[in-house]
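Taking it in order: structure first as structure tokens, then the write-up.
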Amino acid sequence: EYNVYDHDEL
Amino acid sequence: MNVFRFLGDLSHLVAIVILLLKIWKTRSCSGISGRSQILFAIVFTTRYLDLFSNFISVYNTSMKIVYITCSYATVYLIYGKFKATYDFNHDTFRIEFLLVPSAILAFLVNHDFSPLEILWTFSIYLESVAILPQLFLVSKTGEAETITSHYLFALGSYRLLYLLNWLWRYFSQGFYDLIALLSGILQTVLYCDFFYLYISKVLKGKKLSLPA
Numbered sequence: 176e177y178n179v180y181d182h183d184e185l
Numbered sequence: 007m008n009v010f011r012f013l014g015d016l017s018h019l020v021a022i023v024i025l026l027l028k029i030w031k032t033r034s035c036s037g038i039s040g041r042s043q044i045l046f047a048i049v050f051t052t053r054y055l056d057l058f059s060n061f062i063s064v065y066n067t068s069m070k071i072v073y074i075t076c077s078y079a080t081v082y083l084i085y086g087k088f089k090a091t092y093d094f095n096h097d098t099f100r101i102e103f104l105l106v107p108s109a110i111l112a113f114l115v116n117h118d119f120s121p122l123e124i125l126w127t128f129s130i131y132l133e134s135v136a137i138l139p140q141l142f143l144v145s146k147t148g149e150a151e152t153i154t155s156h157y158l159f160a161l162g163s164y165r166l167l168y169l170l171n172w173l174w175r176y177f178s179q180g181f182y183d184l185i186a187l188l189s190g191i192l193q194t195v196l197y198c199d200f201f202y203l204y205i206s207k208v209l210k211g212k213k214l215s216l217p218a
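Chains as they are written, first to last, in this note's numbering: chain A, 176 to 185; chain B, 7 to 218.
Written out as structure tokens, the structure is:
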């Protein structure tokens, strides 16, 4: 599951 | 991480470094909007506060630190070291017209009403329009140095590559983030006119100048 709040992008 | 995301980050890094080197080598920041650079420093600062709360990868952390450091260095060169060459007269875009709506929108439309998340959202909205003072400066003077054009092209390409990355992530992982996606589209659209001029003029060896 991907959580958008993780903000793994820059 | 897919190839579009990596190329996007790389393009962003190249843009930032080109700008720093241009200012450093020519000892001048003429043609560069200090106001856009202040906005980018605010964007990085508010977005990367999660450096202290959320570890993703060594790559992620190092890139964040490099982006923040370079953007503050750029602001320092423009308003400090090479202040004498800064084009105060032409760099007149009112940044409060970008800051205030971005802040209001971040409070209204976000993923979660928490301080870090609102600041992250604010940074996304602000980044999408942060180049406007720079584009305004170019349109006011009617031209841009070739190196400044390369900077703008690399900076514009970065979000375009991110759009491809998001398309990829949507189909491969079902991942999408509407806030980043819609802002990214707006951000890229703002560069379209410039992209056209860049491809039709600068790549053919001509200086970027706007029709009178």
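C-beta atoms are modelled at their ideal positions from N, C-alpha and C, and glycine is treated no differently.
Predicted model only: the values in this text are computed from it and were never measured.
- prompt: At least one CB of chain A closer than 8 Å to the CB of Ile24(B): is that the case?
  reply: Not an interface residue.
- request: Tell me the start and end of each unbroken alpha helix (DSSP H) in the region 32-70 of chain B that is at least 4 residues and wholly inside, in chain order.
  value: Counting only runs of 4 or more residues that sit fully inside the region 32-70 of chain B, the alpha helix (DSSP H) segments are 40-53, in chain order.
- request: Give a yes or no on whether 8 Å exceeds the smallest Cβ distance from Ile62(B) to chain A.
  value: yes
- prompt: For Glu149(B), is the classification buried or exposed, using 16 other Cβ atoms within 10 angstroms of its Cβ as the cut-off for buried?
  reply: Result: exposed.
query: If we call anything under 8 Å between Cβ atoms a contact, is Ile38(B) one with Ile84(B)?
result: For Ile38(B) and Ile84(B), yes; Cβs fall inside 8 Å.
- request: Answer with yes or no whether the minimum CB distance from Asn116(B) to chain A is below 8 Å.
  value: Asn116(B) has a beta carbon lying at 8 Å or more from every beta carbon in chain A.
- prompt: Between Asn66(B) and chain A, is there a C-beta pair that is closer than 8 Å?
  reply: yes
Simplified DSSP assignment, three categories, for Glu151(B): coil
query: Pick from Asp56(B), His96(B), Ile130(B) and Leu27(B): whose alpha carbon is nearest that of Ser108(B)?
result: Looking only at Asp56(B), His96(B), Ile130(B) and Leu27(B), the smallest Cα-Cα distance to Ser108(B) is reached by Ile130(B).
field: Nearest candidate by alpha-carbon position, reference Tyr78(B), set Leu25(B), Tyr176(B) and Leu114(B)
entry: Leu25(B)
Contact between the region 169-180 of chain B and the region 135-151 of chain B (3+ Cβ pairs under 8 Å): no
Endpoints, alpha helix (DSSP H) assigned at Pro217(B): No alpha helix (DSSP H) contains Pro217(B), which DSSP labels as neither H nor E.
Chain-ordered chain A contacts of Lys70(B) [CB-CB under 7 Å]: Leu185
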